[in-house]
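Just remember that the numbering used here sits 157 ahead of the position in the sequence shown, which is counted from 1.
Idealized CB from N, CA, C, for every residue including glycine.
Here's the structure, in structure tokens; my notes come after.
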Amino acid sequence: MAYFSRTKRAQTEPIRERGIREPSATYDTNGAVIVKEYYDQIRKIGEGGQGKLWIVKRKSDRKILVRKTQKRFSMFGSIPCEMHIFENVLTSHPRILEFDHANYAEACGSLVLYFEHCQGGDLSEYVPGGGQSGASEKFIWQCFVQLADALAFLHYGYDRFAKYPDTPPRSWRRIVHRDIKPGNVFLRRKLTSANPVPQIVLGDFGLATLDGLTYGGGTDEWIGPEIPVMTKETDVWGLGAIIHALAHGKGPVSWPPRDWPKGKKAASQWYSDPRARQPKPLPTRYSMSLDRNMMDCLIMDPSKRISSLQLVKNLELERPKAFR
Numbered sequence: 158m159a160y161f162s163r164t165k166r167a168q169t170e171p172i173r174e175r176g177i178r179e180p181s182a183t184y185d186t187n188g189a190v191i192v193k194e195y196y197d198q199i200r201k202i203g204e205g206g207q208g209k210l211w212i213v214k215r216k217s218d219r220k221i222l223v224r225k226t227q228k229r230f231s232m233f234g235s236i237p238c239e240m241h242i243f244e245n246v247l248t249s250h251p252r253i254l255e256f257d258h259a260n261y262a263e264a265c266g267s268l269v270l271y272f273e274h275c276q277g278g279d280l281s282e283y284v285p286g287g288g289q290s291g292a293s294e295k296f297i298w299q300c301f302v303q304l305a306d307a308l309a310f311l312h313y314g315y316d317r318f319a320k321y322p323d324t325p326p327r328s329w330r331r332i333v334h335r336d337i338k339p340g341n342v343f344l345r346r347k348l349t350s351a352n353p354v355p356q357i358v359l360g361d362f363g364l365a366t367l368d369g370l371t372y373g374g375g376t377d378e379w380i381g382p383e384i385p386v387m388t389k390e391t392d393v394w395g396l397g398a399i400i401h402a403l404a405h406g407k408g409p410v411s412w413p414p415r416d417w418p419k420g421k422k423a424a425s426q427w428y429s430d431p432r433a434r435q436p437k438p439l440p441t442r443y444s445m446s447l448d449r450n451m452m453d454c455l456i457m458d459p460s461k462r463i464s465s466l467q468l469v470k471n472l473e474l475e476r477p478k479a480f481r
């Protein structure tokens with residue numbers, strides 16, 4: 158299946174705005190397609206400083222999608238970076254959220270993106286709350302392996318599904334996600350007794366960049382100790398933090414202590430402090446191999462931290478048969 162199939166997109170027409178535009182689309186004063194002409198809005202599922210998320214049904218084929226509107230976004234030349242990554246860089250991969258199409262009106266800076274709807278929600282719903290025991294080891298391994306596959310693909314172009322060799326393609330444009338956390342990991346289907354294996358996809362590339370070292374971005378509780386530097390190694394830390402949260406109920410980054418000064422600047426200083434990051438070994442009910450691989454992701458020095466490509470290999474070799 159081609160997860161970024163261009164044939165599924167709406168028909169295009171010569172327009173000044175970049176992106177895919179519904180035929181004869183009417184634009185509102187913000188430059189966005191008026192949704193009701195082509196979509197039935199089902200419900201809002203999120204809203205924040207960067208925009209809104211809606212579940213919608215496309216009238217032409219009754220396909221359920223998630224509509225993401227962006228108020229603020231980074232640019233790659235004259236194109237929004239997230240749109241550029243999905244349109245021009247990423248290729249098919251079953252561990253990356255399926256992109257449908259996008260609209261961008263340059264005149265008023267309005268960006269709308271459409272993605273697959275994942276019925277299983279996001280991984281934050283599976284992080285145990287107060288008093289609950291951690292997730293099952295089999296579930297954690299399944300998440301670990303699938304997310305490592307996603308990162309190795311973004312960082313190196315490695316794709317076990319396409320049987321790529323260990324050596325990354327020379328032409329690959331490295332993508333650094335910069336916001337790896339449970340809320341940006343989605344389950345395609347709800348978990349049931351008949352469907353107990355999670356089908357994991359990584360989404361929300363709103364902070365993603367191409368190549369190299371960058372500064373800023375991410376969510377404090379899930380960023381590595383090299384903050385504000387953000388590299389592919391920071392993505393690996395985020396994966397380790399997710400595994401830590403699934404087992405412990407919280408990530409390895411603690412909130413500021415009560416006697417810490419208040420305010421945004423003081424909070425930023427705390428999250429840059431080594432004391433804020435104290436990864437805990439997994440409880441003894443989990444296997445040593447799971448603990449070892451998680452801790453390899455959470456090494457404080459990013460130059461010594463495991464790469465996503467090596468992690469894929471280690472997980473394949475060390476994953477116990479009982480948890481495959």
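Cβ contact annotation for Ser231 (same chain, cutoff 6 Å, sequence separation greater than five): Cys238, in chain order. Secondary structure remark: continuous alpha helix (DSSP H) runs of at least 4 residues inside the region 225 to 307, in chain order: 238 to 241. Judged by beta-carbon spacing, Leu396 lies within the 8 Å limit of Ile337, meaning their Cβ atoms are closer than that value. It is roughly 50 Å from the alpha-carbon of Arg462 to the alpha-carbon of Glu194. DSSP lists Thr371 as the bridge partner or partners of Met387.
For Gly203, the secondary structure class from DSSP, reduced to helix, strand or coil, is strand.
Between Pro438 and Gly381, the gap from beta carbon to beta carbon reaches 8 Å or more.
Remark: three or more beta-carbon pairs, one from each stretch, lie closer than 8 Å, so the region 464 to 478 and the region 309 to 317 are flagged as touching. Per the Cβ contact rule, the region 350 to 367 is in contact with the region 251 to 258 (3 or more Cβ pairs under 8 Å).
DSSP, read as helix, strand or coil, puts Leu210 in strand. When the Cα atoms are used, Asp377 and Arg415 turn out to be separated by approximately 17 Å. Pro409 is positioned such that its CB atom lies closer than 8 Å to that of Pro436. Taking C-beta atoms under 8 Å as the contact rule, Gly286 and Phe343 fail to qualify, at a distance of about 20 Å. Put simply, the backbone Cα of Arg215 is about 14 Å away from that of Phe256. Pairwise C-beta distances place the region 281 to 301 out of contact with the region 219 to 231, as fewer than three of them are shorter than 8 Å. In this chain, Val342 is not harboured by any alpha helix (DSSP H); it is covered by the beta strand (DSSP E) spanning 342 to 344.
Judged by their CB atoms, Arg335 and Gly288 are not nearer to each other than the 8 Å cut-off.
Judged by DSSP in its simplified three-state form, Leu396 adopts helix. DSSP places Val358 in the uninterrupted beta strand (DSSP E) bounded by 357 to 359. Between Arg330 and the set Arg345, Ser350, Asn245, the nearest pair of CA atoms involves Asn245. With 16 or more other Cβ atoms from the protein chains shown falling within 10 Å of its own Cβ, Phe243 counts as buried.
Each residue's CA atom was taken as its position, placing Leu270 and Val284 some 28 Å apart.
For the options Leu364, Lys470, Asp368, Asp306, the alpha carbon positioned closest to that of Ser328 is the one of Asp368. Per DSSP, Met457 lies in no alpha helix (DSSP H) and is assigned neither H nor E.
The secondary-structure analysis by DSSP pairs Tyr443 with nothing; it has no beta-bridge partner. Per DSSP, the unbroken alpha helix (DSSP H) holding Asn471 starts and ends at 465 to 475. Taking a 10 Å sphere around the C-beta of Gly420, we find fewer than 16 other C-beta atoms and assign the residue as exposed. In the three-state reduction of the DSSP assignment, Leu403 falls in the helix class. Residue burial annotation: Glu390 is buried, with at least 16 other C-beta atoms found within 10 angstroms of its C-beta. Arg442 is classed as exposed because its beta carbon has fewer than 16 other beta carbons within 10 Å across all chains shown. Here Gln426 carries a helix assignment [DSSP, helix/strand/coil]. The straight-line gap separating the alpha-carbon atoms of Ile332 and Asn341 is approximately 16 Å.
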